[in-house]
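Enquirer:
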Amino acid sequence: MKRSTLLTTAIAITAVLSLTACGGSKEETTAAATEAAAETEAAADTEEAAEADPEELVEIVVGASPAPHAEILAAAEPVLNEAGYTLDIVEYTDYVQPNLALEAGELDANYFQHGPYLEQFNVEQGTDLVSAGTIHYEPFGIYAGKTASLEELADGATVAVPNDTTNEARALLLLEAQGLLTLKEGAGLDATKNDIVENPKDLDILEVEAAQIPLSLQDVDIAVINGNYAIDAGLKVSDALAVEASDSEAAVTYGNVVAVKAGEETSDKALALVEALKSDTVKSFIEETYEGAVVPMF
574 MKRSTLLTTA IAITAVLSLT ACGGSKEETT AAATEAAAET EAAADTEEAA EADPEELVEI
634 VVGASPAPHA EILAAAEPVL NEAGYTLDIV EYTDYVQPNL ALEAGELDAN YFQHGPYLEQ
694 FNVEQGTDLV SAGTIHYEPF GIYAGKTASL EELADGATVA VPNDTTNEAR ALLLLEAQGL
754 LTLKEGAGLD ATKNDIVENP KDLDILEVEA AQIPLSLQDV DIAVINGNYA IDAGLKVSDA
814 LAVEASDSEA AVTYGNVVAV KAGEETSDKA LALVEALKSD TVKSFIEETY EGAVVPMF
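Residue numbers (my numbering): 574 to 871.
1. Kindly provide the ranges of any alpha helix (DSSP H) runs that are 4 or more residues long and lie completely inside the stretch 803-858, ordered along the chain.
2. Using the three-state DSSP reduction, which class does residue 661 fall into: helix, strand or coil?
3. Which residue's Cα is closest to the Cα of residue 680: 854, 692, 832, 866?
4. Pairing CB atoms from the stretch 701-714 with CB atoms from the stretch 781-800, are three or more of them under 8 Å?
5. Tell me the DSSP bridge mates of residue 751?
6. I need the straight-line Cα distance from residue 650 to residue 659, nearest angstrom please.
7. Below 8 Å, how does it come out for the stretch 823-832 and the stretch 686-695: are there three or more Cβ pairs, yes or no?
8. Under DSSP, the beta strand (DSSP E) around residue 702 begins and ends at which residues?
9. Could you name the residues of the same chain whose beta carbon sits closer than 7 Å to that of residue 814, not counting the 5 residues immediately before and after it, in chain order?
10. Can you tell me the Cα-Cα spacing of residue 725 and residue 776, whole angstroms?
11. Give me, in chain order, the residues of the same chain whose beta-carbon lies closer than 6 Å to that of residue 648; leave out the 5 immediate sequence neighbours on both sides.
12. Can you list the beta strand (DSSP E) stretches of 3 or more residues lying completely in the stretch 715-771, in chain order?
13. For residue 811, count the other beta carbons within 10 Å of its own beta carbon; 16 or more makes it buried, fewer makes it exposed. Which is it?
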């Protein structure tokens, strides 16, 4: 029994004995003291049982890029807590390891990528990962490097774009929408710089690993940057020279998803995670925090 419980018991017994001094019989005193002690010990046992058997939250381990995904997950955690879950957010700064970790069973889910990238990754890496739900999209933006505006872009200017297939296509489509180049008809979301059929300014399209583009901004004239990496670098969508239209093919296609191993998309953990991420709490957080750099798709 805890020290506080022993003290409480002693006080109760003392109180009963003091009443006896005021005229109770020995038998009544003994019975009262025994009953008081029993009640106190029962209460203590109940308290100890409650402390030994607290309501445990089920842990969901989720891989995510630092911004905005890990931040959005953190905003969703209170909602998950109410549903009986807690989050362990594991941050990654690349597009490969979170999928490999998920495939290996080190994560319950990840949240960092759009659907086309997930599909491409499965083909290239032999993984079997699926979407459990689409949460948001991040508009690609063209950001100024050495050149301050698209109108000032000189012939032969250097333009950095992501080097992975799906994101490169998205970048090229945005450049095409600004009249800077023309892609082969039908290239669409599979386009690479080899599909450029018209390049009137003879732009030098420099393929760079997506996470490194913000760090290379000062070395190129302009750069097309993924929304999450732009946010992580402190770039604001309001400062972009051009941004994907919300009704563009890319915006509709490139929604960021919660990925899980095939067969787990209807598991309790996956359903709870997606429901929390689609809550009004998270929607308000996204809209107030990112000011258009992240757009809810629910």
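All C-beta atoms in this analysis are idealised placements derived from N, C-alpha and C, irrespective of residue type, glycine included.
Expert: Quick look at the numbers:
1. 822-826, 841-850
2. Position 88 of the sequence shown, counting from 1, holds the residue named residue 661. Residue state, collapsed to three classes: strand.
3. What you label residue 680 is simply residue 107 of the sequence shown in a count that begins at 1. If we check each option's Cα against that of residue 680, 832 comes out closest.
4. yes
5. Within the sequence shown, the letter at position 178 stands for residue 751. Bridge partners of residue 751: none, in fact.
6. Taking the sequence shown and counting its residues from 1, the one referred to as residue 650 is at position 77. Taking the sequence shown and counting its residues from 1, the one referred to as residue 659 is at position 86. Roughly 7 Å between the two C-alpha positions.
7. yes
8. Indexing the sequence shown from 1 puts residue 702 at position 129. Per DSSP, residue 702 belongs to the beta strand (DSSP E) from 702-710.
9. If you number the sequence shown from 1, residue 814 lands on position 241. If we look at residue 814 and ignore the five residues flanking it on each side, its Cβ neighbours are 715, 716, 717, 722, 723, 795.
10. Along the sequence shown, one-based indexing puts residue 725 at 152. Along the sequence shown, one-based indexing puts residue 776 at 203. Residue 725 and residue 776: Cα-Cα distance of roughly 13 Å.
11. As a first step, residue 648 must be located in the sequence shown, where it is residue number 75. 855, 858.
12. 731-735, 769-771
13. By one-based count along the sequence shown, residue 811 stands at place 238. The residue is exposed, with fewer than 16 neighbouring Cβ atoms inside 10 Å.
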